[in-house]
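Position one of the sequence shown corresponds to residue 95 (the working numbering), numbered consecutively onward. Heads up, the beta-carbon is just placed ideally off N, CA and C, and yes, glycines get one too. Remember, predicted model here, so these are calculated numbers, not experimental data. Please read the structure below before turning to the comments.
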Amino acid sequence: MPKLPKPNQTTLSFSITEVDPLTIFGTEDSLLRSVEASHPDVSVLVRGNEVTLTGSESEVFAAKKLIDEAIGLSLLGVALVPADIARSAKVIEQSQSPAQMLSQSILSSKGKSIRPKTLNQKNYVDAIDENTIVFGIGPAGTGKTYLAMAKAVQALQRKEVSRIILTRPAVEAGERLGFLPGTLTDKIDPYLRPLFDALHEMMDPELVP
């Protein structure tokens with residue numbers, strides 16, 4: 095429920111026209127609740143695509159900045175979830191722009207820009223830049239392998255490395271490779287296939303053995 099305005103408070107009204115407001119407010123206002131949680135002293139009132147913020151001047155403009163960044167992320171194709179809003183608020187506190195961070199491309203391949211699409215992916219890419227070895231742990235399909243390959247190809251193109259070595263565990267801890275059927279190639283290839291698929295997307299296939 096919107097809070098009643100108090101004396102010495104600032105009210106700021108604006109329209110969201112760049113994107114569908116639903117992408118910013120979220121299903122059942124889930125994203126809007128995250129904005130309110132990040133700025134609990136700001137009252138947020140929404141009517142259609144019109145937004146009114148009420149609170150102290152500094153908090154109102156901070157909340158407006160957060161909504162602007164959410165719009166920027168949406169324009170980049172990020173499917174926002176409440177956690178993105180919370181992370182964006184923390185990034186803004188560090189005087190950085192989440193949308194600008196995610197607009198930085200790792201490399202371009204076949205007319206497509208490869209870049210992080212979430213703040214977690216951006217943190218992962220930054221960790222690869224800053225560390226010799228990085229362990230990426232998370233659910234399947236979250237971009238760990240693909241982004242790691244993109245960073246490897248980027249390093250190769252920049253001549254920061256002379257070759258890319260692919261390695262991947264083929265068995266669980268305590269098992270033996272000999273238990274798997276087929277030749278050594280038959281045993282290893284299925285586990286390397288996602289890596290080669292990514293390489294073929296990012297490089298000239300003739301350069302990939």
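- Item | With 16 other Cβ atoms within 10 Å as the buried cut-off, status of residue 133 | buried
- Item | beta strand (DSSP E) runs wholly inside the stretch 149-219, at least 3 long, in chain order | Fully enclosed beta strand (DSSP E) runs of 3 or longer: 201-203 and 206-208.
- Query: Assuming residue 137 contacts residue 149 under a Cβ cut-off of 8 Å, what Cβ separation, rounded to an integer in Å, is found between them?
  - Reply: Cβ atoms of residue 137 and residue 149 come within 8 Å of each other, at about 6 Å.
- Could you pull out every residue in the same chain whose Cβ sits closer than 7 Å to the Cβ of residue 153, ignoring the five residues on either side in sequence? Result list for residue 153: 133, 135 and 136, in chain order.
- Message: Considering only their Cβ atoms, is the gap separating residue 296 from residue 201 smaller than 8 Å?
- Response: yes
- Task: Could you pull out every residue in the same chain whose Cβ sits closer than 8 Å to the Cβ of residue 300, ignoring the five residues on either side in sequence?
- Result: none
- Minimum length 3: unbroken beta strand (DSSP E) runs contained in the stretch 118-144: 137-141
- So, is residue 212 buried or exposed, given that buried needs 16 or more other C-beta atoms within 10 angstroms? buried
- Query: So, helix, strand or coil for residue 106, using DSSP?
  - Reply: strand
- Task: List the endpoints of the continuous alpha helix (DSSP H) containing residue 250.
- Result: 238-251
- Message: Please tell me whether, using a cut-off of 7 Å, the distance from the CB of residue 257 to the nearest non-hydrogen atom of the ligand SAM is below it.
- Response: With respect to the ligand SAM, the structure shown offers nothing to examine, as it has no ligands at all.
- Message: Using CA atoms only, rank isn't needed, just tell me which of 234, 219 and 233 is closest to residue 227.
- Response: 219
- Expressed to the nearest angstrom, what Euclidean distance is found between the alpha-carbon atoms of residue 256 and residue 224? 19 Å
- Message: Can you tell me whether residue 279 is helix, strand or coil according to DSSP?
- Response: In this structure, residue 279 counts as helix in the three-state DSSP scheme.
- Query: Anyone know if the C-beta pair for residue 242 and residue 258 falls short of 8 Å?
  - Reply: no
- Message: Let me check understanding here. Comparing Cα to Cα, which of 214, 128 and 280 lies closest to residue 233?
- Response: 214
- Express the C-alpha separation of residue 276 and residue 115 in angstroms, rounding to a whole number. 55 Å
- Query: Relative to the C-alpha of residue 131, which residue among 113, 183 and 189 is closest?
  - Reply: 183
- Message: If the criterion is Cβ atoms closer than 8 Å, does the pair residue 125 and residue 165 meet it?
- Response: no
- Buried or exposed: where does residue 163 fall if 16 or more other Cβ atoms within 10 Å of its Cβ makes it buried? buried
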